[in-house]
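Just so we're on the same page, this note's numbering is the position in the sequence shown counted from 1, plus 652. Ideal Cβ placement from N, Cα and C applies to all residues, glycine included. Since we're looking at a predicted model, the values are computed, not measured. Notes follow once the structure below has been shown.
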Amino acid sequence: MTELFSLPPDAAEPRLHVARRTLERLRGVPELALRYADCAAPRTLDGLAALPPLDKDGLNAALAHLEPRAAPGAGATWLFQSGGSTGAPKVGHAPTGFYMAGVHARWRPLERDDVFVNAWGAGRMWGAHFLAAALADLAGCRILAVGSVATDEYADWLRFFATARVTAIGGTPSVLRLWFARARDAGLELPALRKVLWLGEAWQPQLEADLAAVAPRARRWGMFGSTETWVVGTNTPDCPADTFHPLPEQLVHVGAAELLDFTTLDPAVLNPVLRYRTGDAGTLLACPCGRPGSAMRVLGRRDSVVQVRGLGLHVDEVIARAEREPGVSRAQVVITEEHGRAATVELLLLAGPGGPPDTERLRRAVLSATFTLSTAFQHDPESFRVRRVDELVSNGRTGKTAGLVVREGS
Ligand SMILES: [Zn+2]
């Protein structure tokens, strides 16, 4: 039988008092009161699964009403932009330390001897830089808080990293790709680099090729989480890149359509995280690394279906098709809407080894294999385009490069 919860009842149920308290907090939010009015306080995992899931809008309504604060003596209350590459900024709250002591108790990629480059962008209410800094602080290593750099600065920084004998670097996979692709292009190596920490997006297999050239002894160490849940799980080089071991204070549940939801069992957590859905789908299984307990395999986002002229387009499938093409390292779908209707759909390709890709052949292949595109663009097939670009479109607000970008045309 497939497990539906990351913890067995005897481990989770004695800690459900945290979920009951969260339910009481949510009941006090005017926008949510009706939704939770008839819900019984959960005493079992079945009782928890019977509660309605919480989405980002619900959580933001709750935070606006509750305005949670760190407990006295627990430091400041930090407000961060929460994930999501579209829409207006939303906030997640956390006390100083960002719950990383619980992560460090189980996961120690950094050691005292490490020289760690924190390449997650700092400022702009982004959380990951500070979260990684808190982990490095607990490890007692040396920290180079580099953050984001301009295009013409990479080579100088990389030379400095080599001189400083940097052993570890962390960032979102999109940012890490910039670092390693630039190093590879410049013929620079980081021979002391052993560890690549990542969080914020799925791992990009193309990184392995760049790492093999730039830092052949480096291995990946992943975290999975969001600004609402904070770190949910971690993995090691022995785990598949899409599989994470949930922390014991994070209860993971697989719901309908394999949608994951998360419930905090940590009484210190400020966000009311009760069956919170990030939009990620997944499954629980035994990790091939052999570590006991349920691991969470993340299958990608279920909200990657977008309406194009009234038909659902599976963006992930189009991207996966393009990224199988020789010479393509990464792909992105950009939809330009005019008056609410998709005027054009563009598939942008970042060239990789084995290139350049044959854009016209790929265009015909994707068009004929994708019912939504061939139907929606039946009368103007030229409105579906495939282009090679030097850079994909990234979100200046979140620093992420999403698979899908929707923008308003003229
Ligand atoms: Zn594992």
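Where residue i falls, given that 16 or more other Cβ within 10 Å makes a residue buried
i, result
"residue 832", "buried"
"residue 834", "buried"
"residue 759", "buried"
"residue 909", "exposed"
"residue 678", "buried"
"residue 664", "buried"
"residue 725", "exposed"
"residue 843", "exposed"
"residue 991", "exposed"
"residue 877", "buried"
"residue 1020", "exposed"
"residue 901", "buried"
"residue 1015", "buried"
"residue 820", "buried"
Beta bridge counterpart(s) of residue i as assigned by DSSP
i, result
"residue 984", "1000"
"residue 965", "958"
"residue 647", "Here the chain covers residues 653 to 1062 and nothing more, so residue 647 does not appear."
"residue 771", "The partner list for residue 771 (beta bridge, DSSP) is empty, contrary to what the question assumes."
"residue 990", "993"
"residue 875", "886"
"residue 950", "934"
"residue 730", "746"
"residue 921", "Residue 921 is not bridged to any residue."
"residue 1038", "999"
"residue 911", "933"
"residue 895", "949"
Chain C within 8 Å of residue i, Cβ atoms only
i, result
"residue 785", "The structure shown contains no chain C, having only a single protein chain."
*asked:* If you measure from each CB to the nearest heavy atom of ligand 1 and keep those under 7 Å, what residues do you get, in chain order?
replied: Around ligand 1, the residues selected by a Cβ distance under 7 Å to any of its heavy atoms are 887, 888, 890, 891, 895, 897, 939, 940, 941, 943 and 947, following chain order.
*With contact counted as at least three CB pairs below 8 Å, one residue from each stretch, are the segment 747 to 766 and the segment 873 to 890 in contact?*
As far as the Cβ criterion goes, the segment 747 to 766 touches the segment 873 to 890, which means the pair count is three or higher.
*Tell me, please, whether the segment 720 to 732 touches the segment 890 to 904 by the rule of three or more beta-carbon pairs shorter than 8 Å.*
Flag = no, the segment 720 to 732 and the segment 890 to 904 do not touch.
*Is the number of C-beta pairs between the segment 913 to 927 and the segment 698 to 715 that are closer than 8 Å three or more?*
With a cut-off of 8 Å, the segment 698 to 715 and the segment 913 to 927 count as touching, because enough Cβ pairs lie within range.
*Is it a yes or a no for the segment 852 to 869 touching the segment 905 to 924, going by three-plus beta-carbon pairs under 8 Å?*
Not touching, per the Cβ criterion.
*Within the chosen definition, does the segment 938 to 953 reach the segment 1020 to 1034 through at least 3 CB pairs nearer than 8 Å?*
Taking a contact to require three or more Cβ pairs closer than 8 Å, the segment 938 to 953 and the segment 1020 to 1034 do not qualify as touching.
*Kindly confirm or deny that the segment 1038 to 1057 and the segment 976 to 986 touch, where touching means at least three C-beta pairs closer than 8 Å.*
A contact exists between the segment 1038 to 1057 and the segment 976 to 986.
*Inspect the CB distances between the segment 712 to 728 and the segment 682 to 695 and report whether three or more fall short of 8 Å.*
Using a Cβ-Cβ distance cut-off of 8 Å, the segment 712 to 728 and the segment 682 to 695 are in contact, since at least three pairs of beta carbons, one from each stretch, lie closer than that value.
*Counting pairs of beta carbons, one from the segment 793 to 808 and one from the segment 953 to 961, are three or more of them closer than 8 Å?*
The way I'd put it, the segment 793 to 808 doesn't touch the segment 953 to 961; fewer than three beta-carbon pairs between them come closer than 8 Å.
*asked:* Closer than 8 Å is the cut-off here; do at least three beta carbon pairs connect the segment 1006 to 1013 with the segment 1041 to 1048?
replied: In this structure the segment 1006 to 1013 does not lie against the segment 1041 to 1048, because fewer than three pairs of beta carbons, one per stretch, are closer than 8 Å.
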